[in-house]
Structures are given as structure tokens and as C-alpha cells.
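Just below is one structure, and these are the notes that go with it.
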Amino acid sequence: MPAGRFRLPLSGYAICLAGICWREGLRFLNQRGRFLSALVRPLVWLFIFAAGFRSVLGVSIIPPYETYVLYEVYVTPGLVAMIQLFNGLQSSLSMVYDREVGAMRILLVSPYPRWFLLVSKLVAGICVSLLQVYAFLLVAWFWDVELPPIGYLTVLPALMLSGLMLGAMGLLLSSVFRQMENFASVMNFVIFPMFFASSALYPLWRVQESSLVLWWICTLNPFSYAVELIRFALYGQFNPLATAVVAGCALVFLGAAIFAYDPSAGVMARRGGPDNAR
């Protein structure tokens, strides 16, 4: 029965959201390799890359830093954002898998609004990414990457907002591809350009000194603003520009994803609905 014919109770929405988050959490716990890979990637950059370039890529005093910082301290916010980037696209990869095996089809034909189901999926992915991020920050603390204690709390809203943007972007990409093989290959064309053409590994003023074109690309990259949002939040500071850009991109990506999953207007409509989206 269509959702518009009766009013669903608020408790039903809460149960649905909790069920989707619980399912995503169980999937994450059962996939221990996913948790390890989420930590290995940034830790390799932190332990090997940052240590090797500590003396070469020194970072001058730039906001939000009030003094010179080691290179591993500078790259930590970028590595945190990288965890969320990988998790956002990996969660969307599970959407492609669910659509192939039929679980996604059952979810989308439930009486709950489609936009609510998609947002619930994003919330579940954000919760999983928060576990990965704080586990990484714990290991980084033992590696002498000490952040202000208040930063571990003030970064939480920034992580939720950036996770929403990156997850919505992955959700939008998942609506385009029918098979996991195609989506997995496209992930490499999205993750690495977004990560390297950003302020995650080096300050943008250094990029501007070497290439003005690359600087413009990094400036137009929304991932750069997600990194800066996390960087400032880790030091208890607020970055209005980064917040506005990340929030705006999150709304655009989420709106486009909801439209793409609309069986009457979006990509699903051109494929004949969820039944043929596999």
C-alpha cells in the first residue's frame, strides 16, 4: 500500500531508522577486514609517508595552527577525511550489492518514504565511519599526534556533516551503476583525484606556488573544504566557508540522489524501477 494512503507513526520511523543502522552495524562487525583496511590506509600514510617527509614538507604557521607543526599533525585531518571518503563510497557499494541480490528492492518498496530510507542509509554509514575515525585518532594519539582534548568533541558535528556530504555523493554514484564491478572501478576515478587534489596532504598555498591550474582544481574540490572543516574543528575552531560549502554540497548530492532513486522521475524510472535496476 502506498505510504500516502495512511499516516505512519513516528515510532515506526524510529524503528525503521534503528533497524537500518543495526543492520549496517552488524554488517560492519562481520566484515573485520573492512575495519582493518579502513585503518591500514591512513596509518600507512601516517607512519611511513608522513615520517619520511617530515623534514621535507614542513608546515608554516597557518590557521588553525598557532605554531609550527609536524607534518604528521598536518595530514591527520586529511587522513580522517579519507576514512570518511572510503567509507561513504564503500557504503554505497553495498547499496549496489543490495540492489543486485534484492534486499534493496525490498527496502525501497516499503511503506516508508524513499527519501527517509536513503537518509537512514546515510546515517547508518556515518555512524560506522565515526567508529573508524575515532579508532584512527586513538592510534594517532599513541603516535604522538596530540590534539586539544576539546577537539575530540568539537570535531563530531564536522564529521557528521562531512560524512553526510561524502555519503550522499557515493549514494548518487550508486544510482548510476547496475553492477558492483562497474561501481568498484569508478571508485578509483573518484577517490584518488578527490584526495590528492585537495588540502589533505599539503597546504594549498604550496600548490599555488607550483601550479595555478592545480590550485584552482583543489579550490573547487569539495573534499578540500571537508578536510578544512575537520581540521578547524579538531582545534575547536569554526570555519564558516568550509561549513557552508560542505553543507551546500551535501544538500545538492542528497537531493540529486533522492531524485535519481525516484521510480517515477530519476534513473530508476529509465530502468523500469527497482526490479530492473539490478
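Position 105, counted from 1, in the sequence shown is what our numbering calls 107; the numbers after and before it change by one each time, with no gaps. Think of the CB as a built atom: it goes at the ideal place given N, C-alpha and C, for glycine as much as any other residue.
- Annotated as distal: E230 and A252, with beta-carbon spacing of 7 angstroms or more.
- R233 counts as buried, since no fewer than 16 other beta carbons sit within 10 angstroms of its beta carbon.
- In the structure shown, L95 adopts helical secondary structure according to DSSP, grouped into three states.
- In this structure, L91 is the residue among M84, L214, L91 and L81 with its C-alpha nearest to the C-alpha of G127.
- CA-CA distance, D146 to A246, rounds to 32 angstroms.
- Of all C-beta pairs linking the segment 118-135 to the segment 198-216, fewer than three are shorter than 8 angstroms, placing the two stretches out of contact.
- When the alpha-carbon of L120 is set against those of G169, L214 and L236, the nearest one is in G169.
- Runs of the beta strand (DSSP E) lying entirely within the segment 109-180 and spanning at least 3 residues: none are present.
- Y227 carries a helical assignment under DSSP once its states are collapsed to helix, strand and coil.
- The segment 73-81 makes contact with the segment 39-51; the number of CB pairs closer than 8 angstroms reaches 3 or more.
- Non-local beta-carbon contacts of S164 in its own chain, meaning distances under 7 angstroms to residues more than five positions away in sequence, involve A83, Q86, A228, L231, I232 and V248 in chain order.
- Taking the C-beta atoms as reference points, I260 is found nearer than 7 angstroms to W117.
- Nearest to G172 by alpha-carbon distance, out of Y263, G153 and L133, is Y263.
- Membership of I22 in the alpha helix (DSSP H) is indicated by the continuous run L12 to N32.
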